[in-house]
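If you read the protein sequences in the order shown, they are chains R and L. Heads up: the first sequence begins at 5 in the working numbering, then just goes up one per residue. Heads up: the second sequence begins at 5 in the working numbering, then just goes up one per residue. Cβ coordinates follow ideal geometry from the N, Cα and C atoms, glycine included. This structure is a prediction, so every number in the text was calculated from the model and none was measured. These notes are about the structure you will find just below.
There are 2 protein chains.
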Amino acid sequence: MGLSEEIGAQPVIAARLLRELPADLAPLAAAARERGIRYVVIAARGSSDHAAIYAQYALGALARLPVALATPSLFSRYATPPRLEGALVIGISQSGQSPDVVAVIEEARHQGALTAAMTNDPSSPLAIATEHPLDLRAGAEESVAATKTYTAELMVIAMLAVALGDDSGSDHEALAMVPDAQSAALELSDRVAALADAHAGLVDCAVLGRGFNLATSFEWALKLKELAYVRAQAYSSADFQHGPVASLAPGGDILAIVARGPLAADIAELVARLRSERRARVLVLGEDPLPGADHLPFPDTLPEWLSPLVDIIPAQLFTAALARAKGLDVERPRGLKKVTLTS
Amino acid sequence: MGLSEEIGAQPVIAARLLRELPADLAPLAAAARERGIRYVVIAARGSSDHAAIYAQYALGALARLPVALATPSLFSRYATPPRLEGALVIGISQSGQSPDVVAVIEEARHQGALTAAMTNDPSSPLAIATEHPLDLRAGAEESVAATKTYTAELMVIAMLAVALGDDSGSDHEALAMVPDAQSAALELSDRVAALADAHAGLVDCAVLGRGFNLATSFEWALKLKELAYVRAQAYSSADFQHGPVASLAPGGDILAIVARGPLAADIAELVARLRSERRARVLVLGEDPLPGADHLPFPDTLPEWLSPLVDIIPAQLFTAALARAKGLDVERPRGLKKVTLTS
């Protein structure tokens, strides 16, 4: 299965997780309640680390749990692991192979902390090391650039956040709408190709998002690097103003994610300012266009906390089309293998 | 006082903190023990956020406390703040003004969590909002790019980590060596200027570090953006291999921080591979040169956990010299003000 097919498989995987994952989540949620967990620690690399950024917002907002991203080298290399009493410790890895992520889960279990792991391989070292494995059920991912396993990770996180939170009923209804919204996003592929052709000269850019969609900005930037060799740098739109804005050249490229919610007006205002003061060329990923900016649409039909499961799809399609417009082979990014082992 | 003077003031500030800060730290450490804190949450932006990255390693290794970087928008914009029971919540801000950082501390205090704040202005909103203010004692910082307040923040964090950890005596001895090591680093300024002239064409690069010096890679990249308009992107050297390496153009620039410790050989090996496979041009910040790479020296005389307080100094000097070599005004970076207010 190639990259296009893997991008296309995302709605089917989300529907499968909706049906099958609750059986795995129920014992984890029960254990979390019984042990009175206070916070969450997540170990992950690459796209899975961007899923972890989404978890900071989803688990923070729905389950009111603070989420720390682990410092794996303190576990794997310095032999000074932090004490994890009261934590739920989660490893996220498509392959379940990376030794540094496995080291965090092994130490957490050794300390007696509650552990879970999201992997796409139930027989991997990570799945075996953890107390509560959560299978991504995405089918083998053959393309080097993760797409379907990224949104599968987001779906598992979203369902975990609902399971650990105060279930209002409406959250379950919103989750059930994800596969259809993802299917609608996939239908935009023609429009995306024309936009990619117009950006074939893109070599560097900043990708701005905030809140729930900070994860989308990091994941989109990584796809741009891996597939289209664009030196794309992701920022929280707030952090961008605390220094990095100085490095934006006159006429430089800005990609911005604008989903409905309390931050939308801020990001739109920042983008307008960068256009007028710095003559930035702007591409907006959002339901509606912004004045003077190119527009990559996504169907913004879900509550904001679920928008990252949908808006990354046009970004994936755009990036794959951009790589092809540049004459690059999306199945063979330079310098990468499917499984990267860091210790 | 201009940028050069502020860079030069760093050893005096560290010595002042060694003398004066213990009186502020003692009641905070006593309260932390009494309340049995389990983990730490830090809210910060810009350079202060890089000090927070250092805190993840210093507090993790010395005090064995997991550290979460806060998601300020959950507090300031979404009205769904995580529950902070059992946490020590720290705000870090030179000015003490940014509303999003203040919002995290106010909510933490409202919830009854233990709060501290590092600021350079004891009368700022952040200093007033917190239970335990920790004054940076750095004197007014007038340059837009933070230098002396960054290392002052690192010094406060290092002293806090020792105060919260199992004091071995040797940690106190190592802290006492910081001002002299910083003074030795300042003496390298001539050598640095020649190196900067040779890099006057630098427009983009990746900055690689890991472990304690992940903070240095992020802070150096930010200085390069603010002062020299270099599109510098910081990475953990482990994360870089999980995708971003694809975006390195043949002959592209790599800056790498190699401090003594268990990760030094890994980074040196990665750099050698990038040189041979991708013809990368490499600049190494470390005590010793690496084959075929340019060399920015720093006196690597302290234990690794304190090296970030010293190695950032040649990086600051190099970056200021690079900006001058490019004909830029280091006191007036485009698009920036000294105090940035994000909410």
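Bounding residues of the beta strand (DSSP E) (the contiguous stretch that carries residue i)
i, result
"Y154 (chain L)", "Taken as a continuous stretch (DSSP letters only), Y154 (chain L) belongs to no beta strand (DSSP E), being part of the alpha helix (DSSP H) at 152-168."
"R338 (chain L)", "That residue, R338 (chain L), is in no beta strand (DSSP E); it is neither H nor E in DSSP."
"R235 (chain R)", "235-240"
"I41 (chain R)", "Where I41 (chain R) is concerned, there is no enclosing beta strand (DSSP E), given that its DSSP letter is neither H nor E."
"S77 (chain R)", "No beta strand (DSSP E) contains S77 (chain R), which is instead part of the alpha helix (DSSP H) from 76-80."
"S97 (chain R)", "91-97"
"T433 (chain R)", "With chain R represented from 5 up to 347, any question about residue 433 (chain R) goes unanswered, as that position is not in the structure."
"T220 (chain L)", "It is not in any beta strand (DSSP E) - T220 (chain L) instead sits in the alpha helix (DSSP H) that spans 218-232."
"L2 (chain R)", "Within the shown structure, residues of chain R are numbered from 5 to 347, placing residue 2 (chain R) beyond reach of any answer."
Beta-carbon gap between residue i and residue j smaller than 8 Å
i, j, result
"T123 (chain L)", "P137 (chain L)", "yes"
"A2 (chain R)", "V288 (chain R)", "Lying outside 5 to 347, the shown extent of chain R, residue 2 (chain R) is not represented and no answer is given."
"G339 (chain L)", "R282 (chain R)", "yes"
"G100 (chain L)", "L69 (chain L)", "no"
"L140 (chain R)", "V160 (chain R)", "yes"
"V93 (chain R)", "A107 (chain R)", "no"
"L274 (chain L)", "S241 (chain L)", "yes"
"E230 (chain L)", "V105 (chain L)", "no"
"A36 (chain L)", "L168 (chain L)", "yes"
"A200 (chain L)", "A56 (chain L)", "no"
"R39 (chain R)", "L164 (chain R)", "no"
"Y239 (chain R)", "A210 (chain R)", "yes"
"Q98 (chain R)", "A150 (chain R)", "yes"
"V71 (chain L)", "A59 (chain L)", "yes"
"G95 (chain R)", "H246 (chain L)", "no"
"A30 (chain L)", "I109 (chain L)", "no"
"L78 (chain L)", "Y61 (chain R)", "yes"
"A162 (chain L)", "L313 (chain L)", "yes"
"A236 (chain R)", "A219 (chain R)", "no"
Contact list for residue i against chain R, beta-carbon separation under 7 Å
i, result
"P337 (chain L)", "A250"
"S187 (chain L)", "Going along chain R, no residue has its Cβ under 7 Å from S187 (chain L), so there is no contact; the nearest lies around 27 Å."
"T344 (chain L)", "Q245, H246"
"A65 (chain L)", "L78, Y82, T84"
Within chain L, the residues that residue i reaches when beta carbons sit closer than 7 Å
i, result
"E230 (chain R)", "G247, A250"
"V16 (chain R)", "Simply none; closest approach about 25 Å."
"D208 (chain R)", "D208, R235"
"Q60 (chain R)", "T75"
"E111 (chain R)", "Within 7 Å Cβ-Cβ: nothing; E111 (chain R) doesn't reach chain L, min ~12 Å."
"R49 (chain R)", "A242, D243, H246"
"A419 (chain R)", "The displayed coordinates of chain R run from 5 to 347. Any statement about residue 419 (chain R) would go beyond what the structure contains."
Three-state class that DSSP yields for residue i in the structure shown
i, result
"L206 (chain R)", "coil"
"R285 (chain L)", "strand"
"P295 (chain L)", "coil"
"H136 (chain L)", "strand"
"D257 (chain L)", "strand"
"G290 (chain R)", "strand"
"V71 (chain R)", "strand"
"L310 (chain L)", "helix"
"G12 (chain L)", "helix"
"V196 (chain R)", "helix"
"L212 (chain R)", "strand"
"A83 (chain L)", "coil"
"A144 (chain L)", "coil"
"A263 (chain R)", "coil"
"A272 (chain L)", "helix"
Contacts of residue i in chain R (Cβ-Cβ under 8 Å)
i, result
"L226 (chain L)", "G247, P248"
"R20 (chain L)", "By Cβ distance, chain R contributes nothing, its closest Cβ being about 26 Å from R20 (chain L), past 8 Å."
Partners in chain L for residue i, counting only beta-carbon separations shorter than 9 Å
i, result
"R282 (chain R)", "R338, G339"
"A72 (chain R)", "Y43, V44, V45, Q60, P70, V71, A72, L73"
Partners in chain R for residue i, counting only beta-carbon separations shorter than 9 Å
i, result
"L4 (chain L)", "For chain L, the structure presents residues 5 to 347; residue 4 (chain L) sits outside this window and is missing."
"G215 (chain L)", "T75, S77, L78, R81, Y82"
"D104 (chain L)", "A242"
Chain-ordered chain L contacts of residue i [CB-CB under 8 Å]
i, result
"A272 (chain R)", "Residues of chain L passing the Cβ test: none, with the nearest at roughly 15 Å."
"L88 (chain R)", "P70"
Boundaries of the alpha helix (DSSP H) in which residue i is found, first to last residue
i, result
"S1 (chain R)", "Outside the modelled stretch of chain R, which goes from 5 to 347, sits residue 1 (chain R), for which no answer is possible."
"L252 (chain R)", "Careful: L252 (chain R) lies outside any alpha helix (DSSP H) and carries neither H nor E."
"E111 (chain L)", "103-114"
"D53 (chain L)", "51-66"
"R345 (chain L)", "As written in the sequence, residue 345 (chain L) is Leu, which differs from the Arg given in the question. No alpha helix (DSSP H) contains L345 (chain L), which DSSP labels as neither H nor E."
The segment 236-256 of chain R / the segment 8-18 of chain L touching (three or more Cβ pairs under 8 Å): no
Any 3 or more C-beta pairs closer than 8 Å across the segment 82-97 of chain R and the segment 185-198 of chain R: no
Contact between the segment 139-155 of chain L and the segment 263-271 of chain L (3+ Cβ pairs under 8 Å): no
Three-pair Cβ contact test at 8 Å for the segment 299-312 of chain R versus the segment 56-76 of chain R: yes
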